[in-house]
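Undergrad:
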Amino acid sequence: MSMLSRSRLTRAALFATVAGATVSLAACGGLATQPGPVATLTEECGATITIGAPLPLSGPFTDFGTNSLQGMQLAAEEINAAGGIASLGGAKLSIVPGDTSSADPAQASTATTKLIEDGAVALVGAWSSAVTNSVSTVSEEARVPILTQSWADTLSARGYEYYFQPPPKSSEIGGAATDYMTNAAKSVGVSFNTVAGVGPNDVANTQQITTALDAFAAGGATTAEPTFYAPGITDASPIVNRLADQKADLILLSGSPADASLIVKALRARGINTPIMGFGGAFVVPSFADVMGDGVEGLFAVSAWNWDLPLDGVEASAKTYETEHGEFMPMEAGESWVDVYLLAQAMEDSASCAPADITSALRDIDATKGPAAAMPGGTVKFDADGTNPSAIPVLIQWQDGTPRTVWPKEYQSAKPVFK
Amino acid sequence: MNRLVPPLKVALPAIGVLVAALSLPYWLIQQEYILTVAIIAIIWAIAGQGWNVIGGYGGLLSFGHSVFFGIGAYTTAMLTIFWGITPWIGMFVGAALAALLGAVLTFPALRLKGVYFTLASFVLSLLFADLATHFREFTGGDQGLSLPFTRDNPVMFQFGSKLELYFVLCFFLAGATLIVAIVAKSKLGLFLRASRDDADAARAAGVNVTRTRLTGLMISAAVTSIAGSLMLEYLRYIDPLTGLGANTGFIIALVALVGGRGTVLGPVIGAAVIIPTQQILSSTFASGPSGLAGMAYALIVIVIMLVNSRGIVALLSRLGRAVRRLLPISRARTGGPSDPDEIRDAVETERSRP
Amino acid sequence: METLIQVLVSGVLVGGLYGIISSGLSLSFGISKIANFAHADFLTIGMYATIVTVGALGSVGLLLIPVIALGVGLLGVLVYVLLLRRSHVTATNEDDAHLPQIVITAAIGILIQSALLSLFSSQDRSISTVLDGSWLVGGISVSRAQAVAFVIALVAFIVIDVAVNRTEFGRGLRAIVDDGEAAAAVGVNRGRMLSISMGIGIALAGLAGGLLATYQTVNPSSGFGYLAIAFVIIVLGGLGSIRGAFLAGVLVGVVQQATGTYIALDMQNVAIWVVFLVVLLLRPNGLFGKRVVL
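Chains as they are written, first to last, in our numbering: chain A, 9 to 427; chain B, 16 to 369; chain C, 6 to 299.
What follows is the structure in structure tokens.
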């Protein structure tokens with residue numbers, strides 16, 4: 009108790025000194041002494057304009073983050089090679105990445121703040137719906153526009169002013185998927201009588217699978233309640249048990265590459281060779297084919313973009329991408345590539361690199377040609393909630409190791425195959 | 016002695032924390048992104064202070080405080096979203112609910128010792144995260160709950176700038192520090208330490224271990240839950256991973272353990288070291304190979320724990336009297352082994368109370 | 006009925022792997038009292054080592070899985086000696102030793118995951134070997150890789166069980182579990198025993214990783230999913246009991262399969278967590294435990 013007997017006065021005096029010292033340091037200047045909020049609006053754009061890429065570059069989503077970044081960089085290279093933003097004196101675009109991590113919203117928030125502070129006038133990110141949630145909150149607060157690759161309905165439901173989503177909402181994907189699958193099958197004389205569904209218990213996937221199943225039921229097929237599992241499964245047997253019991257002739261499936269491949273392999277090992285339609289980004293990344301091996305052949309998946317789409321600029325860029333990275337240009341790379349073109353057009357239209365002007369240009373945008381319109385549906389414009397009313401998904405099938413667009417008919421690059 | 020500690024002395028660490036934290040944006044913090052790191056660090060420091068009550072003084076190493084953190088965040092979020100109730104009230108409702116759960120957890124806390132309590136709390140956090148994801152109609156599932164976006168609305172805890180939010184959070188941190196300081200100096204702190212060092216001996220000396228842990232857990236849960244509500248307000252949304260996951264439970268314990276468990280300033284110092292390290296490493300290595308930041312972070316934690324397993328505060332106080340004078344804390348006073356005579360004194364005065 | 010048998014078969018196959026992971030954890034935990042939060046990440050190391058080996062050598066590489074397990078075990082000994090032993094030596098009481106160990110092992114887990122992420126990226130990986138495919142036995146499908154993995158896990162378990170219960174070395178180990186100080190007094194080299202038991206425990210995790218890699222998709226955080234399950238199992242089996250851990254592993258495997266098949270897929274683990282908490286509170290020495298360990 010000797011510490012307690014020390015004079016109270018001494019302690020107080022010491023404390024006062026420390027406090028005084030810290031306050032006097034105020035003279036050095038800090039954030040609080042700077043005038044107003046950090047200025048991101050600059051009158052002159054200079055030679056380079058920064059687009060921020062808040063993406064998961066660590067953790068389980070790294071792959072998707074990296075692919076998105078590569079798509080953005082490709083677009084920037086192409087735009088710069090073509091002379092940059094003409095209305096801004098040929099200013100060049102520069103893509104700056106920020107690591108949001110895959111599951112830490114606090115880090116996502118910090119990374120986004122840093123990007124904006126370092127001069128990003130617009131953002132493209134963050135692939136995962138959960139990460140996009142916290143990234144777009146920061147951009148909304150900073151009044152900087154964000155174009156996203158995410159789908160979850162909850163994102164656009166927030167009514168953010170600076171949020172733009174070129175791909176369709178996940179609830180729309182489910183219904184369209186059923187329609188595509190039914191018609192694609194009909195075109196080669198196949199129909200489905202019993203449909204089963206299984207996916208991870210997250211919001212986007214439960215939404216998609218439930219709506220897709222409902223649509224099949226409405227079309228006269230027998231469906232059972234879909235089953236949802238907790239992501240990160242270590243064993244697929246219970247899932248396969250359930251699916252085996254349903255004796256379906258089409259299985260709707262969703263999940264991360266690891267989970268999905270475990271399930272597909274276990275289904276095949278059990279001798280269940282039913283056609284499978286996958287939902288979600290996992291089914292269309294190059295690494296899915298690596299994990300699945302031959303098992304990937306014939307799988308169907310719903311996608312928001314594909315490398316073989318007959319839309320402006322896709323063919324040439326997809327080819328460049330493939331030469332540069334040694335694999336086909338995946339969905340998230342394509343979406344991000346379109347996003348950068350959309351931003352370039354918004355800057356071109358507004359002749360400004362101020363976030364506010366880019367945002368209003370995006371609200372008015374009606375892209376119908378060029379890479380800025382290269383989303384399925386062929387047009388990009390935005391509703392009040394930031395979604396793109398013309399967006400539609402496409403149905404792909406893995407054939408000879410790459411995903412080929414099989415439906416809608418106008419985008420078909422290969423005929424669907426049912427074994 | 017202990018009962019006569021002057022109020023100012025108890026409040027000193029809290030005032031010190033407040034002044035130091037408030038001053039940071041005037042000299043140290045030059046960038047907004049560093050400010051966001053500071054905001055996050057403060058929130059974890061508050062959560063760590065809550066943990067400190069039962070984990071540091073009470074000796075129950077919990078990896079499950081994320082449950083209280085999440086209860087605070089989810090309660091505040093639901094009250095705001097469904098009934099428009101301001102977070103200024105919501106966070107205390109959340110704290111009350113967390114305290115209630117803390118009370119329930121007294122039962123396992125009495126039966127389980129050391130590592131076993133840690134395991135139970137770890138699994139409890141997994142259980143809550145799984146449940147929150149499963150009941151998605153209620154909790155928003157993995158997408159969590161988003162607060163309605165408003166600008167500059169202090170009544171709803173939404174401030175005009177990050178700087179304002181930061182200043183508000185400084186007061187919360189000071190409040191949490193004050194609570195810990197009061198606990199440390201009170202009979203409760205003494206009894207908690209006594210139950211931690213040797214529960215049977217404490218019982219023999221007349222300490223009501225059940226009531227001690229009950230009170231300790233309730234206070235601990237309530238403070239941590241406030242931190243959860245603050246995290247919700249900062250991010251404007253909460254999801255099961257952030258609110259309830261095992262990682263959150265680990266970080267809460269980590270800031271207190273690295274800083275110095277059972278010391279008034281430990282969690283604050285721990286958060287000040289650990290969180291900026293982690294966040295700044297991640298943004299520094301963003302363009303490098305992924306994983307480097309995580310490796311560096313893990314190595315730093317390992318080195319600190321190896322150099323002094325009682326944390327940075329103990330390390331500093333060992334660095335000699337000079338340093339000890341600068342930091343108004345010391346293990347001997349706040350978290351040291353309990354003195355049997357002191358316990359007997361305290362128990363007797365309590366019994367003799369009318 | 007067919008489904009029920011399938012549930013039991015898959016449950017036992019999965020549970021055998023849980024059993025071997027948990028016996029390893031139980032061995033190191035029961036003897037050193039270190040709650041190794043990095044245990045499952047050593048399993049991931051075993052997975053990647055197997056993927057690299059099989060990638061280079063083809064199916065022949067599978068024969069090297071025991072060597073990989075040994076290597077992972079040696080790594081475990083190294084980690085114990087360098088990072089964990091210190092707190093055993095310097096601690097004044099039990100908690101003083103355990104708290105830093107828990108934090109250090111958790112940090113080692115992050116370190117391993119991050120290192121694997123740098124080396125192999127987050128991309129999922131898998132291998133195809135001669136063990137791909139399945140046997141159909143009377144309408145019940147048995148994955149070949151899973152069946153082989155189960156048999157090897159069972160053999161490994163029996164070897165360890167014999168070593169602990171029938172040998173001089175095992176007597177020393179059990180003496181430490183019963184009473185560390187008394188064991189030291191009769192000449193058991195406690196420090197060496199701790200290193201060895203830690204090594205064997207982690208080697209079993211490495212072995213399990215190698216076996217799992219033959220039929221699972223692997224990424225740097227694959228192992229983490231097994232951590233909580235392994236802790237649950239060693240508590241159910243009775244802390245420090247290797248046999249209990251193996252049996253509880255099989256039991257947990259079956260319960261998981263049954264919950265997943267008949268109740269709700271995403272409640273599989275919830276069921277396990279609840280059982281764990283209840284058992285921990287009501288029977289702290291485990292379902293099969295005889296002694297009170299707490």
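For every residue, glycine included, the Cβ atom is placed at its ideal position computed from N, Cα and C.
1. Could you tell me the alpha carbon to alpha carbon distance between A/Ala381 and B/Tyr312, rounded to whole angstroms?
2. On the criterion of 16 or more Cβ atoms from any shown chain inside 10 Å, does A/Ser95 qualify as buried, or is it exposed?
3. In whole angstroms, what is the alpha-carbon distance linking A/Pro105 and B/Asn262?
4. Report the option in B/Ala209, B/Thr292 and B/Leu139 whose CA atom is closest to the CA atom of B/Met310.
5. Alpha carbon to alpha carbon, how far is B/Ile86 from B/Ile241? Give it in angstroms, no decimals.
6. For A/Pro234 and A/Gly207, which I take to be in contact (beta-carbon distance under 8 angstroms), what is that distance rounded to the nearest angstrom?
7. Distance cutoff 7 angstroms, beta carbons only. Does B/Met106 sit that close to anything in chain C?
8. Identify every run of the beta strand (DSSP E) within the region 297-339 of chain A, keeping only runs that are complete inside it and at least 3 residues long; order them along the chain.
9. Would you report the Cα separation of A/Tyr168 and B/Phe164, rounded to the nearest angstrom?
10. According to DSSP, is A/Lys100 helix, strand or coil?
11. Say the cut is 6 angstroms; is the CB of A/Met300 nearer than that to a heavy atom of the ligand FAD?
12. Mind checking if C/Ala120 is an interface residue toward chain B, Cβ cutoff 7 angstroms exclusive?
13. Taking the C-alpha atoms as reference points, what is the distance between C/Val84 and A/Thr282?
14. Under 8 angstroms between beta-carbons, which chain B residues line up against C/Ala233? List them in chain order, please.
15. Measure the Cβ-Cβ separation of A/Asp316 and A/Gly378 and say whether it is below 7 angstroms.
16. Pick from C/Val17, C/Gln273, C/Gln262 and C/Ala120: whose alpha carbon is nearest that of A/Gly67?
17. Here's the rule I'm using: 16 or more other beta-carbon atoms within 10 Å means buried, otherwise exposed. How should C/Met6 be labelled?
18. Which residues bound the alpha helix (DSSP H) around A/Arg371?
19. Between the alpha carbons of A/Val388 and A/Leu403, how many angstroms are there, rounded?
20. For the region 43-76 of chain B, which residues have a CB atom closer than 7 angstroms to at least one CB atom of chain A, in sequence order?
21. Does any residue of chain B bring its CB to less than 7 angstroms from the CB of C/Ile115?
22. Let me know if A/Pro318 comes out buried or exposed under the rule of 16 or more other beta-carbons within 10 Å of its beta-carbon.
23. DSSP on C/Met198, reduced to helix/strand/coil?
24. Just to make sure I have the definition right: I need the residues of chain B whose C-beta is within less than 8 angstroms of the C-beta of C/Leu88. Which are they?
25. From this set, A/Ser360, A/Gly279 and A/Pro294, which residue's C-alpha is nearest A/Asp408's C-alpha?
26. Given that B/Pro40 touches chain A, what residues does it touch there, using C-beta distances under 7 angstroms?
27. Is it a yes or a no for the region 197-207 of chain A touching the region 224-244 of chain A, going by three-plus beta-carbon pairs under 8 angstroms?
28. When DSSP labels each residue in this structure, what does A/Gln78 get in the three-state scheme?
29. Could you check whether the Cβ of A/Val299 sits closer than 7 angstroms to any Cβ belonging to chain C?
30. Since B/Phe164 meets chain A, which of its residues come closer than 7 angstroms, beta carbon to beta carbon?
31. Report yes if the C-beta distance between B/Gly231 and B/Phe84 is below 7 angstroms; otherwise report no.
32. If contact means a Cβ-Cβ distance below 7 angstroms, which residues of the region 12-23 of chain C contact chain A?
33. Looking at C/Tyr231: is its Cβ nearer than 7 angstroms to the Cβ of C/Ala74?
34. Does DSSP put B/Gln158 in a helix, a strand or coil?
35. In chain B, which residues lie less than 9 angstroms from C/Leu285 when you measure between Cβ atoms?
36. State the beta-bridge partners of A/Gln173 as determined by DSSP.
TA: Answer, in terms of the structure:
1. As a working mapping, residue 381 of chain A is identified with position 373 in the first sequence. As a working mapping, residue 312 of chain B is identified with position 297 in the second sequence. Distance from the CA of A/Ala381 to the CA of B/Tyr312, rounded to the nearest whole angstrom, comes to 43 angstroms.
2. Along the first sequence, one-based indexing puts residue 95 of chain A at 87. The C-beta of A/Ser95 has fewer than 16 other C-beta atoms within 10 Å across all chains shown, which makes the residue exposed.
3. Position 97 of the first sequence, counting from 1, holds the residue named residue 105 of chain A. Position 247 of the second sequence, counting from 1, holds the residue named residue 262 of chain B. Answer to the nearest angstrom: the Cα atoms are 25 angstroms apart.
4. The sequence position of residue 310 of chain B within the second sequence is 295, counting from 1. Ranking B/Ala209, B/Thr292 and B/Leu139 by Cα distance to B/Met310 puts B/Thr292 first.
5. As a working note, residue 241 of chain B is residue 226 in the second sequence. As a working note, residue 86 of chain B is residue 71 in the second sequence. If you take the alpha carbons of B/Ile241 and B/Ile86, they lie about 9 angstroms apart.
6. Along the first sequence, one-based indexing puts residue 234 of chain A at 226. Along the first sequence, one-based indexing puts residue 207 of chain A at 199. Rounded, the Cβ-Cβ distance is 7 angstroms, consistent with contact.
7. In the second sequence, the residue the question calls residue 106 of chain B occupies position 91. By this cut-off, B/Met106 is not an interface position.
8. Counting only unbroken stretches of 3 or more residues, the beta strand (DSSP E) elements lying wholly within the region 297-339 of chain A are 308-311, in sequence order.
9. Translated into the one-based positions of the first sequence, residue 168 of chain A becomes position 160. Translated into the one-based positions of the second sequence, residue 164 of chain B becomes position 149. Near 8 angstroms, if we compare the C-alpha coordinates of B/Phe164 and A/Tyr168.
10. For the purposes of this step, residue 100 of chain A is identified with residue 92 of the first sequence, where counting begins at 1. When secondary structure is reduced to three states using DSSP, A/Lys100 falls in the strand class.
11. The ligand FAD is absent from the structure shown, which contains no ligand whatsoever.
12. Residue 120 of chain C sits at position 115 when you count from the first residue of the third sequence. Output row for C/Ala120: interface = yes.
13. The residue given as residue 84 of chain C occupies position 79 in the third sequence. The residue given as residue 282 of chain A occupies position 274 in the first sequence. If you draw a straight line from the Cα of C/Val84 to the Cα of A/Thr282, it comes to about 48 angstroms.
14. Stepping through the third sequence from its first residue, residue 233 of chain C is reached at position 228. Simply Phe137, Val138, Leu141 and Ala261.
15. As a working mapping, residue 316 of chain A is identified with position 308 in the first sequence. As a working mapping, residue 378 of chain A is identified with position 370 in the first sequence. The answer is no: Cβ separation not under 7 angstroms.
16. Here residue 67 of chain A refers to the residue found at position 59 when the first sequence is read from its first residue. For A/Gly67, the nearest C-alpha among the options comes from C/Ala120.
17. Stepping through the third sequence from its first residue, residue 6 of chain C is reached at position 1. Classification of C/Met6: exposed, given that the 10 Å Cβ count is below 16.
18. Here the question's residue 371 of chain A lines up with position 363 in the first sequence. That run of the alpha helix (DSSP H) goes Pro363 to Asp372.
19. Locating residue 388 of chain A in the first sequence gives position 380, where the first residue counts as 1. Locating residue 403 of chain A in the first sequence gives position 395, where the first residue counts as 1. Whole-angstrom Cα-Cα distance: 19 angstroms.
20. Listed by position along the chain: Leu43, Ile44, Gln45, Gln46, Glu47, Tyr48, Leu50, Thr51, Val52 and Ile55.
21. Numbered from 1 along the third sequence, position 110 holds the residue referred to as residue 115 of chain C. Residue-level contact by beta carbon holds for C/Ile115 and chain B, with a gap shorter than 7 angstroms.
22. Along the first sequence, read from residue 1 onward, the residue named residue 318 of chain A stands at position 310. A/Pro318 should be labelled exposed.
23. Counted from its first residue, the third sequence places residue 198 of chain C at position 193. Looking at C/Met198 - three-state DSSP - the assignment turns out to be helix.
24. On the third sequence, residue 88 of chain C is found 83 positions in, with the first residue counted as 1. Those within 8 angstroms of C/Leu88 in chain B are Ile317 and Leu321.
25. Along the first sequence, one-based indexing puts residue 408 of chain A at 400. The residue among A/Ser360, A/Gly279 and A/Pro294 with its C-alpha nearest the C-alpha of A/Asp408 is A/Pro294.
26. Walking along the second sequence from the start, residue 40 of chain B turns up at place 25. Under the 7 angstroms cutoff, chain A gives Gly38, Leu39 and Ala40.
27. yes
28. If you number the first sequence from 1, residue 78 of chain A lands on position 70. Three-state DSSP puts A/Gln78 in a helix.
29. Taking the first sequence and counting its residues from 1, the one referred to as residue 299 of chain A is at position 291. Closer than 7 angstroms: yes.
30. Locating residue 164 of chain B in the second sequence gives position 149, counting from the first residue. The contacting residues are Glu148, Arg166 and Tyr168.
31. The residue labelled residue 231 of chain B in the question sits at position 216 within the second sequence. The residue labelled residue 84 of chain B in the question sits at position 69 within the second sequence. Not a contact, by the Cβ cut-off of 7 angstroms.
32. Val12, Ser15 and Val19
33. The sequence position of residue 231 of chain C within the third sequence is 226, counting from 1. The sequence position of residue 74 of chain C within the third sequence is 69, counting from 1. It is not a contact, given that the beta carbons lie outside the stated cut-off.
34. As a working note, residue 158 of chain B is residue 143 in the second sequence. Of the three classes helix, strand and coil, the one that applies to B/Gln158 here is helix, per DSSP.
35. Within the third sequence, numbered from 1, the residue matching residue 285 of chain C stands at position 280. Chain B residues near C/Leu285: Pro123, Arg126, Leu127, Tyr131, Leu134, Ala135 and Val138.
36. Taking the first sequence and counting its residues from 1, one reaches residue 173 of chain A at position 165. Note: A/Gln173 sits in a beta bridge opposite A/Thr395.
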